[in-house]
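Below is one structure, written out as structure tokens; the observations come after it.
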Amino acid sequence: MGQLDDYRLMARIRRFEERLTALKDAGEIPGSIHLCNGQEAIPVGACRALRDGDHVTATYRGHGWAIARGVDLTGLFAEMMGRDSALCGGRAASPYLSDPGRWFVGENSIVGAGVPIATGAALTAQRTGSGAVSVVSIGDGAMNQGNVHEALNLAAVLDLPLVLVVENNVYSEMSRISDMVRVRQLAERAAGYGLPGRVVDGNDPDAVAEAVTEAVDRAREGSGPSIVEAMTERLVGHYSGDAQHYRPAGEIAAARQREPLARIRQAADADLAARLDAIDAEVSAEIETAVTAARAVPHPDPATAEEHVYV
Amino acid sequence: MSESLRYIQAVNAALTWALDSRTDTIYFGEDVALPGGPFGATKGLHKRFGSERIFDTPISETGFLGMALGAAMTGLRPIAEIMYADFSFVAMDQIVNQIATIHYSSAGRWKAPLVIRMQQGYSPGACAQHSHSPEAYFAHTAGLRVALPATPDDAYQMLRTAVVSDDPVVVAEARMLYPTRGQVRTDAPVEPVGGARVVRPGTDVTVVAWSRMVSAALDAAGTLAEEGIDVEVVDLRWLNPLDFDTVATSVSRTGRLVVAHEANLTGGFGAEIAARAAAECFTDLRAPIARVAAPDVPMPAAPALQAVVVPEAATVADAVRRTVRA
Ligand SMILES: Cc1ncc(C[n+]2csc(CCOP(=O)(O)OP(=O)(O)O)c2C)c(N)n1
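Structure (structure tokens):
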């Protein structure tokens, strides 16, 4: 995949979330949403290392991972609109959606809880000899959950094909990660589990792809888990409606100069800029089509509210 | 003296009172200090009391609830905030095996004077992992006090009571009540732990509710009054200690009982009230006891589904009508 493909996928994620924000403002999305604006290069780079059958587990900030994994845009919009989407029938909404058809184990709105689950997917891969790997993304703050620690140690001693991608966006909700840990980089903790840990530029899809590919190859050949810490920044609030009064003035403006889409734009000559414009237009059209289709999805039938609890 | 405050401001006022009047009180949790709390409950407290008294923790519920216990056992009065009640499940070992048991298991030689403050219940569009109403888990755990304030005044009074209590107290607020406004008696003496309250007298049927369902019950009572049904509403307030006398006295007058909560039906605290009433008010009852609750499903996010899952005033009114006609 080349730069243009990366750009297209990152633009799709960005535009998707911008559209989502507008829908939220218009009252078409009832719950809270957590956007990955600025972090697009991480799922896009990481998913480049994956093939069909590899499982991905994300956080509540997982729209980018879902889209990079090929989850249907109409389904995503419809799910978040509380409609009877083909993904989760309106039951999960933004922070908890999943798609087994795309090996997307899903989002999780309990911080860190996805890591033990992803470890289980890695166990299946190992015991069935499927050759698949399990990639799980968490935020920097999640590294302080006990369940993450337990799962990483388990995965390490069982040599499971697990890749943990830590998306370090500086903040755990409204608190700076530097106030919450004493290590300089979270990847340093990998040594505590006897695992390799790397830090990469999370705003560069190539750097992410290179590091995750190395980790995925290692996992596939039976050499066990790895940790990749991708450094990035959040361009928007923690959740829809976050006034971000805790962020220093100018921080977001500076981050906008470094974010992955702007970076490609800044380095583009006139010819490339024209191609990027064309991609933007195509992506916008694609997103509008998905929104229109999602609006046509009916709301779930209240009579089905008690379905799916038991099998 | 009384002040008109929003529920969330009453929480803030109670915390200010606690930190002001007791130097052994400390407050910690995620985003509570510099950011002022995800819902604004701790706004201004860090500035006023400093990092020694109010501080942010990593996202480590097990760690910081265990820390609260150890600190409480050795001389401090910690108030630990769990952002959404759903996240308390991450720390259930500390709550159930550790915090709740130490006083009893040491034959009273250790005390655990700590408060776990959280908010619970549904809100529009919130998914299953942000909508639990876990009060029955805590009430089921011997050794924990459980408080569910339904009004701004109770948010203030009951939180202060919890802080002063020598027992561990879970204070579970309802997120949906945060914007509600009411008169708060800011100079009232600190109340003892426990005590239900008749919030609306009536003669035909007793509705026992707590937390958000109290206002739903009052709304239902208003509707039913127009139909000639006179509803008495009891706000249970504390699940532990349980003031069953207030319930029994009410039922002895009305002869009918409806229990209303937002949590799932099966094993909900309504079952406890119904069982006690069946045992202790048997001869007073003129109709079967009815329970209003969410059906036994994880909370769906879609409003179309939430509308049939979340009990509201109309659900209570229906149950009352059935009970009165029975
Ligand atoms: C167990 C648990 N505790 C607290 C929360 C509330 N919460 C949601 S997101 C979040 C911050 C997570 O920070 P981080 O892991 O860095 O991810 P980011 O949001 O930055 O992507 C918190 C504290 C939660 N969802 N689950």
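If you read the sequences in order, they're chains Z and D. Going by our numbering, the letters in the first sequence line up with residues 1 to 311, in that order. Going by our numbering, the letters in the second sequence line up with residues 312 to 637, in that order. From the three backbone atoms N, C-alpha and C, an ideal C-beta is built for every residue, glycine too.
Using 8 Å for Cβ pairs, my map puts residue 380/D next to residue 410/D. What's the rounded Cβ distance?
5 Å
Does any CB atom of chain D fall closer than 8 Å to the CB of residue 174/Z?
yes
Supposed close pair residue 30/Z, residue 479/D - CB separation, criterion 8 Å:
Rounded, the Cβ-Cβ distance is 36 Å, inconsistent with contact.
Please return the same chain residues whose Cβ sits closer than 7 Å to the Cβ of residue 443/D, not counting the five positions on each side in sequence.
396, 397, 431
Is the beta carbon of residue 504/D less than 8 Å from the beta carbon of residue 472/D?
yes
Here's the rule I'm using: 16 or more other beta-carbon atoms within 10 Å means buried, otherwise exposed. How should residue 223/Z be labelled?
exposed
Just verifying my parser: in three-state terms, what is the DSSP assignment at residue 429/D?
strand
Pick out whichever of 368/D, 374/D, 438/D has its Cα sitting closest to the Cα of residue 80/Z.
438/D
Less than 8 Å between CB atoms is the rule here; does residue 514/D satisfy it with respect to chain Z?
no
From residue 412/D to residue 454/D, what does the alpha carbon distance come to, in whole angstroms?
6 Å
Alpha-carbon to alpha-carbon, residue 208/Z and residue 198/Z
10 Å
Under the three-state reduction of DSSP, which class applies to residue 196/Z: helix, strand or coil?
coil
Note down the Cα distance separating residue 581/D from residue 394/D, rounded to an integer number of angstroms.
25 Å
Taking the alpha-carbon of residue 99/Z as reference, which of 129/Z, 221/Z, 67/Z has the nearest alpha-carbon?
67/Z
DSSP-derived helix/strand/coil call for residue 307/Z
coil
Determine whether the Cβ of residue 110/Z lies closer than 8 Å to any Cβ atom of chain D.
yes
Verify whether the separation of the beta carbon atoms of residue 82/Z and residue 75/Z is less than 8 Å.
no
Drop a sphere of 10 angstroms on the beta-carbon of residue 408/D, count the other beta-carbons inside from all chains shown, and report buried for 16 or more, exposed for fewer.
exposed
Determine the closest residue to residue 162/Z out of 112/Z, 233/Z, 204/Z, 121/Z, with distance taken between C-alpha atoms.
121/Z
Mark residue 537/D as exposed unless 16 or more other C-beta atoms lie within 10 angstroms of its C-beta, in which case mark it buried.
exposed
Residue ranges of each beta strand (DSSP E) run of no fewer than 3 residues wholly in the region 367–430 of chain D, ordered along the chain?
388–393
Please name the residue, chosen from 196/Z, 125/Z, 28/Z, 13/Z, that lies closest to residue 53/Z on a Cα-to-Cα basis.
125/Z
Can you find a CB in chain D that lies within less than 8 Å of the CB of residue 145/Z?
yes
For a cutoff of 8 Å on Cβ pairs, would you count residue 31/Z as touching chain D?
yes
Residue interval of the alpha helix (DSSP H) (run including residue 261/Z)
260–266
Skipping 5 residues on each side, what residues in its chain have a beta carbon closer than 7 Å to that of residue 370/D?
341
Can you have a look at residue 436/D and say buried or exposed, based on whether 16 or more other CB atoms are within 10 angstroms of its CB?
buried
Run through DSSP, which three-state label would residue 565/D get?
helix
So that I know if they touch, is there some Cβ in chain D lying closer than 8 Å to that of residue 246/Z?
yes
Strictly by DSSP, which residues pair up with residue 181/Z?
DSSP output for residue 181/Z lists no bridge partner at all.
The region 38–45 of chain Z contacting the region 57–64 of chain Z, beta-carbon criterion three pairs below 8 Å
yes
Between the region 598–610 of chain D and the region 559–569 of chain D, can you find at least three pairs of beta-carbon atoms closer than 8 Å?
yes
Is residue 234/Z helix, strand or coil by DSSP?
coil
Let me confirm a value: residue 234/Z is counted as buried when at least 16 other C-beta atoms fall within 10 Å, else exposed. Which label applies?
buried
Given 8 Å as the limit, is there contact between the region 538–549 of chain D and the region 505–518 of chain D, that is, 3 or more CB pairs closer than that?
yes
State the Cα-Cα distance for the pair residue 305/Z and residue 578/D, rounded to the nearest angstrom.
20 Å
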